[in-house]
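Asks: Quick one: this structure, given as structure tokens, is what I'll be asking you about.
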Amino acid sequence: MFPSRRLLLLSFLLVACKGEDAVVDDTGAPADDTSGGDDSATDTNPSVVPDTYSFVSAFGGGSSVGYDGQTFRHLLIEDMKAQLSGLTGRIDDGELFPVAGDIEAELNFYFEFDSDTSGLVPHQKSTSADALQTTYDEVSSGKDLIGKIAGNDAVGQHKDWSNGLVGWDIEGDDSPERLVRAWFAAIDAAAVARANGDVPLDPRGQPITKVFLDAQGRDHQQLLEKFLRGAVAFSQGADDYLDDDLEGKGLNADHVVAEEGKPWTALEHAWDEGFGYFGASVAYGSLTDDQIAAGDHDANQDGKIDLLTEVSWGHSGNAAKRDLGAGATAPTDYTAEAWAGFAGGRALLAETAGQGLSADQLAELKAHRDQAVLAWEKAIAASVVHYINAVLADMALMDTEAYSFADHAKHWSEGKGFALAFQFNPRSPLSDADFATLHSLLGEAPALESADAEARAAYADGLRAARQLLGETYGFAAENLGDSNGDGGW
376 MFPSRRLLLL SFLLVACKGE DAVVDDTGAP ADDTSGGDDS ATDTNPSVVP DTYSFVSAFG
436 GGSSVGYDGQ TFRHLLIEDM KAQLSGLTGR IDDGELFPVA GDIEAELNFY FEFDSDTSGL
496 VPHQKSTSAD ALQTTYDEVS SGKDLIGKIA GNDAVGQHKD WSNGLVGWDI EGDDSPERLV
556 RAWFAAIDAA AVARANGDVP LDPRGQPITK VFLDAQGRDH QQLLEKFLRG AVAFSQGADD
616 YLDDDLEGKG LNADHVVAEE GKPWTALEHA WDEGFGYFGA SVAYGSLTDD QIAAGDHDAN
676 QDGKIDLLTE VSWGHSGNAA KRDLGAGATA PTDYTAEAWA GFAGGRALLA ETAGQGLSAD
736 QLAELKAHRD QAVLAWEKAI AASVVHYINA VLADMALMDT EAYSFADHAK HWSEGKGFAL
796 AFQFNPRSPL SDADFATLHS LLGEAPALES ADAEARAAYA DGLRAARQLL GETYGFAAEN
856 LGDSNGDGGW
């Protein structure tokens with residue numbers, strides 16, 4: 376965010392429990408649902424955007440904010456990635472000799488997480504200081520990924536995901552869950568083969584160094600992480616909690632009475648859950664882009680990192696990275712735009728809780744939603760541009776000693792994984808036709824050194840066309856798109 380953050384946020388507005396959800400108090404620490412009022416609570420006047428996501432309950436004081444389930448799912452995605460990071464070493468060191476199904480079971484530990492059997496297991500999240508929470512149950516319980524991936528939480532979703540996924544062909548039904556399971560199976564098979572001495576070779580005939588990399592240049596660790604960020608977090612945020620297509624759900628939820636036993640209305644809670652899937656920390660609005668991009672920040676200076684309040688998860692961190700990477704003459708501030716939408720909308724809800732929204736207030740809330748989700752999606756799109764540029768730079772190094780197959784595969788997979796997310800937003804600026812075009816250009820694997828010069832050139836031209844398509848759709852400045860070699864942009 377820029378130093379003039381508060382004025383910028385204001386201008387945006389003028390233009391337009393364990394097993395359940397833990398309450399967060401105004402300092403960013405967990406609080407009991409029955410806590411008393413706090414004279415230091417954030418002013419909820421909707422004409423001013425607060426610097427922290429802290430709002431007092433209209434039903435007896437204390438905090439009205441809670442979204443620990445969303446944070447928990449971010450944690451599961453990161454821990455799945457961490458588990459894959461150590462897989463190659465475990466096999467190569469002889470610690471693990473997997474048979475068919477073993478690695479799929481390890482990955483399903485996160486995908487189908489069971490708090491009853493695993494809630495006391497320590498999480499793997501690495502933070503800049505010791506994490507306040509050490510086990511999964513200390514973050515939340517009763518949550519998993521499989522139940523929230525697009526298609527499995529189908530009420531109100533804008534597409535039938537049982538066979539509607541675009542961007543990757545799967546044998547059988549093209550559903551998000553099926554794609555995840557196909558990638559699980561690919562890693563499982565590669566792990567078994569590696570343990571038995573069958574290691575695939577890269578185009579130079581060298582053994583591939585990571586079990587989750589395949590010979591076609593696909594990094595399944597990156598594909599899984601980035602796809603789950605879209606198919607779980609972005610889908611749930613944009614197409615569920617912040618949607619307005621169903622009566623009594625999302626932005627049409629009740630805002631007059633408190634949910635039973637809770638200090639919030641159903642609408643306040645729906646908004647919080649959407650914010651939770653964006654992943655921003657409670658103090659996001661007061662942090663610099665460098666602090667956000669670092670991943671966590673000890674806002675209350677207690678020497679611990681609270682995973683529920685002091686981590687910027689997933690796409691919220693990518694927004695800061697893209698702001699930092701934008702050109703000097705074409706700066707972006709996706710962090711501020713998203714914050715203005717989320718915090719501004721929540722301030723409106725805090726002021727009106729117990730009263731309901733007038734038609735004008737609902738329209739204002741929808742405008743806040745549109746601002747937040749558009750900034751969220753722009754950060755994703757800018758990340759696709761970033762990785763297209765990285766792949767173009769990798770391709771320019773082909774046939775030299777500086778070229779890295781692993782880097783090429785990683786960069787392509789990050790861009791492809793991010794790019795699969797747009798289809799989960801019912802209000803995406805990217806049309807269905809353009810989305811299909813984008814993925815026909817990206818393909819399902821990069822062009823490697825084994826391709827001839829003509830095929831390499833054609834694929835690179837396709838990447839440039841994909842980048843231009845995103846630039847036109849999202850209004851990105853040419854300076855941020857970069858040149859033909861991928862230099863000078865994000």
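Letter by letter, the sequence shown follows residues 376 to 865 of my numbering.
Glycine included, every Cβ here is placed at the ideal spot set by N, Cα and C.
On a predicted model such as this, the values are computed, not experimentally measured, just so you know.
Using alpha carbons as the reference points, say which of Gly605, Glu635, Ala506 and Trp536 lies closest to phenylalanine 434.
Replies: Measuring from the Cα of phenylalanine 434, the nearest candidate turns out to be Glu635.
Asks: Contact between the stretch 563 to 579 and the stretch 606 to 624 is defined here as three or more beta-carbon pairs at a separation below 8 Å; is this criterion met?
Replies: Output reads no: the stretch 606 to 624 does not touch the stretch 563 to 579.
Asks: Is the stretch 623 to 638 close to the stretch 822 to 839, with three or more CB pairs under 8 Å?
Replies: Not touching, per the Cβ criterion.
Asks: Reducing DSSP to helix, strand and coil, say where aspartate 491 ends up.
Replies: Helix at aspartate 491.
Asks: Drop a sphere of 10 angstroms on the beta-carbon of glutamine 581, count the other beta-carbons inside from all chains shown, and report buried for 16 or more, exposed for fewer.
Replies: Exposed.
Asks: What does isoleucine 680 pair with, by DSSP beta-bridge criteria?
Replies: DSSP, once it has assigned bridges, lists Ala506 as partnering isoleucine 680.
Asks: Would you tell me roughly how many angstroms separate the C-alpha atoms of threonine 509 and serine 656, rounded to the nearest one?
Replies: Each residue's alpha carbon lies about 18 Å from the other.
Asks: Check whether the Cβ atoms of valine 514 and phenylalanine 559 lie closer than 8 Å to each other.
Replies: No, these two residues do not count as a Cβ contact at 8 Å.
Asks: Comparing the CB of glycine 649 with every heavy atom of the ligand ZN, is any distance shorter than 7 Å?
Replies: Ligands displayed in this structure: none; no statement on the ligand ZN is therefore possible.
Asks: Which value, in whole angstroms, describes the spacing of the CA atoms of phenylalanine 653 and serine 691?
Replies: C-alpha separation (whole angstroms): 6 Å.
Asks: Of all the options Leu450, Gln591, Asp467 and Ala695, which has the alpha carbon lying nearest to the alpha carbon of phenylalanine 484?
Replies: Of Leu450, Gln591, Asp467 and Ala695, the residue nearest in Cα terms is Leu450.
Asks: Enumerate in chain order the residues of its own chain whose CB-to-CB distance from glycine 716 is below 6 Å, with the five nearest sequence positions on each side excluded.
Replies: The residues are His743, Gln746 and Ala747.
Asks: Got a sec, what are the start and stop residues for the alpha helix (DSSP H) phenylalanine 486 sits in?
Replies: Element bounds for phenylalanine 486: 477 to 486.
Asks: What does proline 497 pair with, by DSSP beta-bridge criteria?
Replies: Note: proline 497 sits in a beta bridge opposite Thr510.
Asks: Closest to tyrosine 442 by CA distance: which of Gln843, Leu642 and Val631 is it?
Replies: When each option's Cα is compared against that of tyrosine 442, the closest is Leu642.
Asks: Would DSSP call alanine 756 helix, strand or coil?
Replies: In the structure shown, alanine 756 sits in a helix (DSSP, three-state: H, G or I).
Asks: Drop a sphere of 10 angstroms on the beta-carbon of aspartate 505, count the other beta-carbons inside from all chains shown, and report buried for 16 or more, exposed for fewer.
Replies: Counting Cβ neighbours within 10 Å, aspartate 505 comes out exposed, since fewer than 16 surround it.
Asks: Indicate the three-state DSSP secondary structure (helix, strand or coil) for aspartate 414 in the structure shown.
Replies: Residue confidence for aspartate 414 is low, a pLDDT of 32 falling below 50, so the modelled location carries little weight; the figure read from the coordinates is stated next. Note: aspartate 414 maps to coil in three-state DSSP.
Asks: Count the other CB atoms, across all protein chains shown, that sit within 10 Å of the CB of valine 474; report buried if there are 16 or more and exposed otherwise.
Replies: The residue in question, valine 474, is exposed, as its Cβ has fewer than 16 Cβ neighbours within 10 Å.
Asks: Report the rounded CA-to-CA distance for aspartate 665 versus serine 439, giving the unit in angstroms.
Replies: Aspartate 665 and serine 439: Cα-Cα distance of roughly 29 Å.
Asks: How would you call glutamine 730, buried or exposed, if buried means at least 16 neighbouring beta carbons within 10 angstroms?
Replies: It counts as exposed.
Asks: Apply the 10 Å Cβ neighbour rule to alanine 703 and answer buried if 16 or more other Cβ atoms are within range, or exposed otherwise.
Replies: Exposed: under 16 other Cβ atoms inside 10 Å.
Asks: Are the CB atoms of alanine 674 and alanine 658 nearer to each other than 8 Å?
Replies: The answer is yes: Cβ separation under 8 Å.
Asks: What runs of the alpha helix (DSSP H), each 4 residues or longer, lie entirely inside the stretch 658 to 738?
Replies: Complete alpha helix (DSSP H) runs here, min 4: 664 to 668, 689 to 700 and 709 to 727.
Asks: Return the chain-ordered list of same chain residues with a C-beta closer than 8 Å to the C-beta of isoleucine 524, the five sequence neighbours on each side being excluded.
Replies: Pro551, Glu552, Val555, Leu603, Ala606, Val607 and Ser610, listed in sequence order.
Asks: Pull up the distance between the alpha-carbon of arginine 593 and that of glutamine 736, whole angstroms please.
Replies: Each residue's Cα considered, the two are about 47 Å apart.
Asks: For aspartate 426, which residues from the same chain have a beta carbon less than 6 Å from its beta carbon, with the 5 sequence-adjacent residues on both sides left out?
Replies: Gly660 and Ser661, listed in sequence order.
Asks: Alpha carbon to alpha carbon, what distance is there between glutamate 487 and methionine 455?
Replies: Those two C-alpha atoms are separated by around 11 Å.
Asks: Please check the pair glycine 625 and glycine 531, which I expect to be a contact at CB under 8 Å, by giving their CB distance rounded to whole angstroms.
Replies: Contact holds; Cβ gap of about 7 Å.
Asks: What residues are listed by DSSP as bridge partners for aspartate 347?
Replies: Because the chain here runs from 376 to 865, residue 347 falls outside it and cannot be looked at.
Asks: Spatial neighbours of alanine 835 within its chain, please: C-beta separation below 7 Å, excluding the five flanking residues on both sides.
Replies: The answer, listed in chain order, is Leu767 and Met770.
Asks: Report back the beta-carbon spacing between asparagine 800 and alanine 754 to the nearest angstrom; my notes put them in contact at under 8 Å.
Replies: With 8 Å as the limit, asparagine 800 and alanine 754 do not qualify as a contact, their Cβ atoms being about 12 Å apart.
Asks: In terms of residues, what are the limits of the alpha helix (DSSP H) holding valine 555?
Replies: From DSSP, the alpha helix (DSSP H) with valine 555 extends over 551 to 570.
Asks: Would you kindly check if the distance between the Cβ of serine 803 and the Cβ of glutamate 847 is under 8 Å?
Replies: No; because the gap between Cβ atoms is not below 8 Å, this pair is not in contact.
Asks: Give the secondary structure of aspartate 407 by DSSP, where H, G and I count as helix, E and B as strand, and everything else as coil.
Replies: Low confidence applies to aspartate 407: its pLDDT is 33, below 50, so where it sits in the model is not reliable, and the reading given next is rough at best. Here aspartate 407 sits in coil by DSSP.
Asks: Tell me whether alanine 633 sits in a helix, a strand or coil according to DSSP, three-state version.
Replies: Three-state result, alanine 633: strand.
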